[in-house]
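Residue numbers for the sequence shown follow my numbering, beginning at 17 and rising by one.
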Amino acid sequence: MKQTWRWFGPRDMVSIDDTLQAGVQGIVSALHHIPTGAVWTPEDIAQRQREIATMKDGSASGLAWDVVESLPVSEDIKKQQGNWRAHVANYITSMKNLAAAGIEVICYNFMPVLDWTRTDLAWPLPTGATCMRFDLADFAAFDLHILARPGAVDDFDATLKEEAARRFAAMSEARKVQLAENVVFGLPGAAENFSLEDVRAHLAEYDCISEDRLRQNLLDFLTEIIPTAERLGLRLCCHPDDPPVPLLGLPRIMSTEAHYKALVDGVDSPANGITLCSGSLGARPDNDLPGMMERLGDRVHFLHLRNVTRETDDLRGSFHEAEHLGGDTDMVALIEAALREEARRRAAGRADWSIPFRPDHGQDILDDHGRKAQPGYPLIGRLKGLAELRGIVAALEPRVRV
Numbered sequence: 017m018k019q020t021w022r023w024f025g026p027r028d029m030v031s032i033d034d035t036l037q038a039g040v041q042g043i044v045s046a047l048h049h050i051p052t053g054a055v056w057t058p059e060d061i062a063q064r065q066r067e068i069a070t071m072k073d074g075s076a077s078g079l080a081w082d083v084v085e086s087l088p089v090s091e092d093i094k095k096q097q098g099n100w101r102a103h104v105a106n107y108i109t110s111m112k113n114l115a116a117a118g119i120e121v122i123c124y125n126f127m128p129v130l131d132w133t134r135t136d137l138a139w140p141l142p143t144g145a146t147c148m149r150f151d152l153a154d155f156a157a158f159d160l161h162i163l164a165r166p167g168a169v170d171d172f173d174a175t176l177k178e179e180a181a182r183r184f185a186a187m188s189e190a191r192k193v194q195l196a197e198n199v200v201f202g203l204p205g206a207a208e209n210f211s212l213e214d215v216r217a218h219l220a221e222y223d224c225i226s227e228d229r230l231r232q233n234l235l236d237f238l239t240e241i242i243p244t245a246e247r248l249g250l251r252l253c254c255h256p257d258d259p260p261v262p263l264l265g266l267p268r269i270m271s272t273e274a275h276y277k278a279l280v281d282g283v284d285s286p287a288n289g290i291t292l293c294s295g296s297l298g299a300r301p302d303n304d305l306p307g308m309m310e311r312l313g314d315r316v317h318f319l320h321l322r323n324v325t326r327e328t329d330d331l332r333g334s335f336h337e338a339e340h341l342g343g344d345t346d347m348v349a350l351i352e353a354a355l356r357e358e359a360r361r362r363a364a365g366r367a368d369w370s371i372p373f374r375p376d377h378g379q380d381i382l383d384d385h386g387r388k389a390q391p392g393y394p395l396i397g398r399l400k401g402l403a404e405l406r407g408i409v410a411a412l413e414p415r416v417r418v
């Protein structure tokens, strides 16, 4: 399992020098400054590769850009509206440019409107650490009383609506603003940041798009791009919904094992694969992460290893980001399943036998509190998580057999 690290580019508060000291073996990055739907040029790709390959003093880092996360899919493609055909063509051109630069793994997602959604970006824990949290009652307060989405009243039961009204009434104006900003924060480092009016406009355009329609739009997109990916030797991997439940009246199509089975069966190609994110999928109590790795492992091209603590047993409930070996996912069992998949691939002679993983998210601890890194991406918290994950791999790897 190759140890990688997500890096948001030269403006990231965590430097390439820092990642080397963390002991990583490769970098996960993207060109966040390029608008979604536009082409990633060879020049822009080469510039990011140089930035990854160079330390502050100009010496070689020895690191390479191993995984793209993400080559974003435009809202036009997801809805099959507007410039979606031009955006698909641009996506294919970007894929060709990435392949020419020697990059083989591309992570993307197909979440409508927003990427991951949280109500708190720095929720205090008893240890003094902070973490990201999704509080269902606060989210309901946002949906019902701040966004005031038509139809929101039908998405929550009476008890939750009463609690949301109580929370909203007690909120300061500053907390209302902060909650709205947290929910629509979107992908860290992304080119676009949505306002409430932007969100309302996007939501309105999804009124006529069902779960089945969105899934078909994804399969149509993959039908267009996967033949090129196969020819270029690329491995595409779809990231799950985060959280893996319906939000804001939007369809969710990457939340369960059944969803992923439909993805890989719908466009049956080794190039059409999965980003198995244990944190996103683990927020849902009916997802069996080690079992998913066993049953779908031959299509897992990238692993996000993080953990969450579910605060209720409800299918849709509150949760917060846990320590990597804490929370509700059995990380030891998941890593063991991943190592067994690697052993199977190696025995079969697959060139892609090594599955890259990264310590996803992390709690802010120690001097993370003063560093002001991207929410969810602290230096010390992720370093601690990587060390824990590395220890599990070191303990299990010698004993795992096909």
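Note that the Cβ used here is the ideal one computed from N, Cα and C, for glycine as well.
Within the same chain, A69, T70 come within 8 Å of A76 by CB-CB distance, once the 5 residues on both sides are set aside. In the structure shown, Q41 falls within a coil segment according to DSSP collapsed to helix, strand and coil. Judged by DSSP secondary structure, L321 falls within the beta strand (DSSP E) whose first and last residues are 316 to 321. In the displayed model, D380 falls within a strand according to three-state DSSP.
Taken through DSSP and simplified to helix, strand or coil, H340 comes out as coil. The C-beta distance from M17 to F373 rounds to 5 Å, short enough to meet the 8 Å contact threshold. In the pairwise beta carbon analysis, the stretch 144 to 152 is classified as not touching the stretch 358 to 376: fewer than three pairs are separated by under 8 Å. Contact check for N125 against H255 passes: the beta carbons are separated by less than 8 Å. Straight-line spacing of the CA atoms in P306 and N198 works out to 31 Å.
As the crow flies, the alpha-carbon of I32 is around 14 Å from that of P394.
Straight-line spacing of the CA atoms in G249 and K192 works out to 47 Å.
When the five nearest sequence neighbours on each side are left out, the beta carbons in the same chain lying within less than 7 Å of the beta carbon of T57 are those of N113, in order along the chain.
If you look at E310, you'll find it in the alpha helix (DSSP H) that goes 305 to 312. Apart from sequence neighbours up to five positions away, the residues of its chain that approach V409 with a beta-carbon distance below 8 Å are M17, I351, L355, ordered along the chain. Of the residues assessed, T291 falls on the buried side of the cut-off, its CB having 16 or more other CB atoms within 10 angstroms. For the pair of segments examined, the stretch 224 to 231 was found to touch the stretch 259 to 277: the number of CB pairs separated by less than 8 Å reaches three. DSSP lists F335 as the bridge partner or partners of F150.
Counting C-beta pairs with one atom in each stretch, the stretch 38 to 52 and the stretch 397 to 414 have three or more that are closer than 8 Å, which means they touch. Contact between the stretch 280 to 290 and the stretch 154 to 172 is absent: fewer than 3 CB-CB pairs across the two stretches fall below 8 Å. Across the structure, Q65 and A174 are spaced so that their CA atoms are roughly 53 Å apart. Excluding its 5 nearest sequence neighbours in each direction, M127 has C-beta neighbours in its own chain below 6 Å: D257, listed in chain order. Taking 4 residues as the minimum length, the alpha helix (DSSP H) runs contained wholly in the stretch 345 to 399 are 347 to 364, 384 to 387, in order along the chain.
Per DSSP, Y124 lies in no alpha helix (DSSP H) segment; the continuous beta strand (DSSP E) that holds it begins and ends at 121 to 125. In this structure, DSSP gives E85 an extended state, which the three-state scheme calls strand. Residue burial is scored here from C-beta neighbours: D28 has at least 16 other C-beta atoms within 10 angstroms and is therefore classed as buried. Taking 8 Å as the cut-off, the beta carbon of V89 is found closer than this to the beta carbon of F237.
Listed as beta-bridge partners of L252 by DSSP are I122, N288. Annotation for L79: I43, I68 place their beta carbon closer than 6 Å to its own, counting only its chain and skipping 5 residues before and after. In this structure, DSSP gives V261 a state outside helix and strand, which the three-state scheme calls coil. Residue state for K112 is assigned as helix, using DSSP reduced to three classes. For A62, the closest of D214, I119, M187, A411 by C-alpha to C-alpha distance is I119. It is roughly 21 Å from the alpha-carbon of D60 to the alpha-carbon of I241. Distance from the CA of G397 to the CA of D346, rounded to the nearest whole angstrom, comes to 19 Å. Per DSSP, K18 lies in no alpha helix (DSSP H); the unbroken beta strand (DSSP E) holding it starts and ends at 18 to 22. Residue environment for V169: exposed (fewer than 16 other C-beta atoms within 10 angstroms of its C-beta). Between the alpha carbons of D284 and G313 lies a distance of about 14 Å.
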